[in-house]
Amino acid sequence: MKGLFKDYEVGDFFDEMFSAPGQVRPHYDLLYQRFQEMEVDEFERKCALAEKSYLNQGITFTVYSGDEGTERIFPFDLIPRIIPGKEWDHVERGLVQRLTALNMFLHDVYHDQRIVKEGIVPSEIVNSAKHFRPEFMGFDVPRNIYIHVCGTDLIRDRQGNYTVLEDNGRCPSGVSYVLENRQAMKRVFPKLFTKYAVRPVDRYAQDLLAALRYCAPGGNPDPTVVVLTPGIYNSAYFEHSFLARSMGIEIVTGNDLVVQNSRVYMKTTKGLKQVDVIYRRIDDDFLDPTVFRKDSVLGVPGLVEAYSKGYVALANSIGTGVADDKVTYYYVPKMIKFYLGEDPILPNVDTYLTSDDTDRKYVLDNLEKLVVKAANESGGYGMLIGPHATKEQVEKFRAAIIADPRGYVAQPVINLSRSPSYCDGAVEGRHIDLRPYIISGEKTSIIPGGLTRVALRKGSLVVNSSQGGGSKDTWVLDGEEED
Amino acid sequence: MLSRVADSCYWLSRYIERAETSARILDVNMQLLLDLEDSSPEAIQRHWQPVLATLEDQELFTKTHDTITADAVMEFVTFDKKNPSSIVSCIGNARENARTVREQISSEMWEQLNRTYLYLRDGGGRHDFQDSPIDFYRRLVDILHGFQGTTDATMTHGEGWDFLQLGKYLERADSTTRVLDIKYHILLPKGEQVGGHVDVTQWMAVLRSCSAMEAYFKINVGHVSGWQVAEFLILHDEFPRSIRFCVDRVDGALHRISGCDRAHFSNEAERLSGMLKSNLGYTTIESVFQQGLHQFLDKTQARLNEISGAATKAYCYWMDESAQTQVQA
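For the protein sequence lines, the chains are A and B, in the order given.
Okay, so the first sequence: first residue is 1 according to this note's numbering, each after it adds one.
Okay, so the second sequence: first residue is 1 according to this note's numbering, each after it adds one.
This is the structure in structure tokens:
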């Protein structure tokens, strides 16, 4: 291997680019040719260029430490992840199937609970889910859509099979990076795009707006749609503002809205203007201080009442968290079978429920070999990676599991696939995952690819940005042979 | 338009203009310093004290500093993050406001403002300042003018733009009153006459800090007096930093926002701006000096504040008080 790849080690992993040392997978061939001509300093210059453009555009998130927040860019790796068209089509079918089942599950859980009555999902699992909202039993959401935007995290195992790691059915973030990463790549490597037929991703904002408009109360053909953000100090504020701009709609904070007569209005210079659909990027708990958390200053008093009476639609709907609970996850393949009569196209990772006596015994006996996750945490928090953990960490989780068996699940360690990534002057293999964004409106749509997150710390399996993760552009190719 | 967005556009614009005023005043004062014959600490102190007085920074400055030196004042007015009206703070505040209205302003405006912020924070601003403060302040004024041009050329001239204009011209009118007032605070050295060499130099500095020298000399060929400088900066119809010009733009922006014709008013802000506009239209420089220039400027500042307050009340009256933390100069 030459140039940037001259010291590259494939290792005992599924490598996205190399099928064996020196053996480039066909869909990476053109990229390999371009990059092997390149020396480290040229690549460094390209990195600096991309970084500067992110900084100047203010595509940053804020890290709070000491007396002032510092703004950082989300690390971006310039070596793209490439997915052949046929491979993606399979993934896409699997995701549509999965989200269809999840939406059916949510409808069922908040209505007849057939899936519980028929013994597929135990009732205590539903009732004990932290984000289950029994106050919405029997409530009909507009167009029967619960999860309008879902971010489902996929990984590839040792053989390269796409497997679902988790679903994010509340307020998944990161899609703005998919779109910005593409822009950055086009600026830095324009020629590569002329050689590859990369499926475009720019229709995301239009798809999202169409889905939001579709769920307007009363089928209003010209609804007022807004993005509700916690504000500029939220780490995802850039994304909220980006999406509002791309859709051409207002971005509002809780203070901009007021509820009168069970209708939601925004406060404008010309008086109050009624709002029909809210794409909210605030968790259920903070939506309405009169219903959920009393100390929330982000929400809007009366919003839940307006929603319950059907005068305003929320996306995502309230109570979707019961579907992305990590214990509920265990049951998703069964849901697919139950509601759709189909076999799951994308499998789950093997999962042990610590609430089950047999599973718990196995988990407690094998903590050093397993990954343990808190059922309701996200962002890479509340997680134990057994083989990398200290004795104390293992014992802490052991005690926590015994104290709250419903609060955890365990999975075998999966060595996520690796992708060549540029780290400190050399290209090395780093573990990656993939978060596609699935929109359900009149139809279910997914922009090709999604966010490829990369664990930039050597050997790390945690891809979250709060834990040293970065991202890559994800290219889905048109009409490419599967390798 | 959301009231909060209108408010942010308005303040974004005021902060930009305020940063520009500070940069101008510091630039001119630096240059005046070069003409100063007496370089004793007392003379230096006399020279810089009016800058603090004009920018209403004196109280905070004396709390944190024992003596007035050129370096201390420049640092305080330019880079001190603890000084809420330093240039760095103003640009930071302008940027925070811009961040909340990114869907209103153009990406070009945002990126330009963001680059300015990054430049001042660590991207070379400090280095340029150390190389040559005068060049640094000019460059900054240039950058901020660039922002005005970008705004004009890339943003829809609708309601948001009108709120930007409102903020810009209110702040600019206010800043011209302050620059003129600087002369009131500067005492002529012992033995110097009104109309003498030092007096004229000081009035020329006032003109320069408003970029008004060339425009002024086109009208008052070769002659500088306090009377004429004041007349030019208060009453000129077409000079873009004169108070009359700025108040006319304020009044225009307010009427465009409401859609009310300019001979009438539909809210208190328009009534106040219309009154100030007509007062300035029917004022002579003689009557200004009769009541006293300082008193006139003081009163004008108060009236500008009233317009600002009334505009907030008209368009943002339901905003929480907690959100209204931005303050008048």
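By construction, the Cβ of each residue, glycine as well, lies at the ideal position given by its N, Cα and C atoms.
Asked, Found
"Quick check: is the beta carbon of residue 268 of chain A nearer than 7 Å to any beta carbon in chain B?", "yes"
"Using beta carbons (cut-off 7 Å, strictly below), is residue 280 of chain B in contact with chain A?", "no"
"Measure from the C-beta of residue 482 of chain A to each C-beta in chain B and report whether the shortest distance is under 7 Å.", "Summary for residue 482 of chain A: the model assigns pLDDT 47, below 50, so the residue's position carries little reliability; its value from the coordinates is reported in the next sentence. No, residue 482 of chain A does not count as interfacial toward chain B."
"Identify each residue in the segment 104-117 of chain B for which the Cβ-Cβ distance to at least one residue of chain A is less than 8 Å, and report them in chain order.", "107, 110, 111, 114 and 115"
"Pairs of beta-carbons, one from the segment 46-61 of chain A and one from the segment 29-37 of chain A, closer than 8 Å: are there three or more?", "no"
"Any idea if residue 403 of chain A is buried or exposed, counting beta-carbon neighbours within 10 angstroms, 16 or more meaning buried?", "exposed"
"Using only alpha-carbon positions, find the residue among B:69, B:20 and B:1 that is nearest to residue 41 of chain B.", "B:69"
"Buried or exposed: residue 284 of chain B, going by 16 or more other Cβ atoms within 10 Å of its Cβ?", "exposed"
"According to DSSP, is residue 84 of chain B part of a helix, a strand, or is it coil?", "coil"
"Using 8 Å as the threshold, is the segment 202-222 of chain A in touch with the segment 137-152 of chain A, meaning 3 or more CB pairs across them?", "yes"
"Between which two residues does the alpha helix (DSSP H) harbouring residue 251 of chain A extend?", "Premise fails: residue 251 of chain A lies in the beta strand (DSSP E), 250-252, not in any alpha helix (DSSP H)."
"Let me know if residue 224 of chain A comes out buried or exposed under the rule of 16 or more other beta-carbons within 10 Å of its beta-carbon.", "buried"
"Given a cut-off of 7 Å on the beta-carbon distance, is the pair residue 147 of chain B and residue 136 of chain B in contact?", "no"
"Kindly list the residues whose CB is nearer than 6 Å to the CB of residue 10 of chain A, restricted to its own chain and excluding five residues on each side of it in sequence; keep chain order.", "18 and 21"
"May I ask you to report which of helix, strand or coil DSSP gives residue 26 of chain A?", "helix"
"Which of the three DSSP states, helix, strand or coil, is assigned to residue 133 of chain A?", "coil"
"Kindly list the residues whose CB is nearer than 6 Å to the CB of residue 484 of chain A, restricted to its own chain and excluding five residues on each side of it in sequence; keep chain order.", "One cannot answer for residue 484 of chain A here, as it falls past the ends of chain A, which runs 1 to 483."
"Taking only the alpha-carbon atoms, compute the straight-line gap between residue 105 of chain B and residue 180 of chain A and give it to the nearest angstrom.", "19 Å"
"Assign residue 193 of chain A to one of two classes, buried (16 or more other C-beta atoms within 10 Å of its C-beta) or exposed (fewer than that).", "exposed"
"Classify residue 160 of chain B: buried if its beta carbon has 16 or more other beta carbons within 10 angstroms, exposed otherwise.", "buried"
"Just tell me which of B:237, B:240 and B:270 has its CA closest to the CA of residue 253 of chain B.", "B:270"
"Measuring CB to CB, does residue 102 of chain A end up less than 7 Å from residue 323 of chain A?", "yes"
"Shorter than 7 Å from the beta carbon of residue 317 of chain B to some beta carbon of chain A?", "no"
"Which chain A residues are close to residue 6 of chain B, counting only those with a beta carbon under 9 Å from its beta carbon?", "268 and 269"
"Please list, in chain order, the residues of the segment 45-64 of chain A that have any C-beta partner in chain B closer than 7 Å.", "55, 56, 57 and 58"
"Any contact of the segment 230-245 of chain A with the segment 275-283 of chain A, i.e. 3+ C-beta pairs under 8 Å?", "yes"
"Would a check of beta-carbon distances place residue 282 of chain A closer than 7 Å to chain B?", "no"
"Our contact map puts residue 207 of chain B next to residue 229 of chain B with C-beta atoms below 8 Å; I'd like the distance itself, whole angstroms only.", "6 Å"
"Hey, residue 234 of chain B and residue 288 of chain B are a contact pair by Cβ (cut 8 Å); roughly how many whole angstroms apart?", "7 Å"
"CA-CA distance, residue 99 of chain B and residue 162 of chain A?", "39 Å"
"Please report the Cβ distance between residue 277 of chain B and residue 248 of chain B, rounded to the nearest whole angstrom; I am assuming they are in contact, meaning their Cβ atoms lie under 8 Å.", "6 Å"
"Could you have a look at residue 472 of chain A and say whether DSSP puts it in helix, strand or coil?", "strand"
"Taking just the CA atoms, how far does residue 143 of chain B sit from residue 92 of chain B?", "15 Å"
"According to DSSP, simplified to helix, strand and coil, what is residue 278 of chain A?", "strand"
"For residue 248 of chain B, report the span of its alpha helix (DSSP H) as first-last.", "243-258"
"Candidates A:88, A:425 and A:293: which alpha carbon is nearest residue 4 of chain A's?", "A:425"
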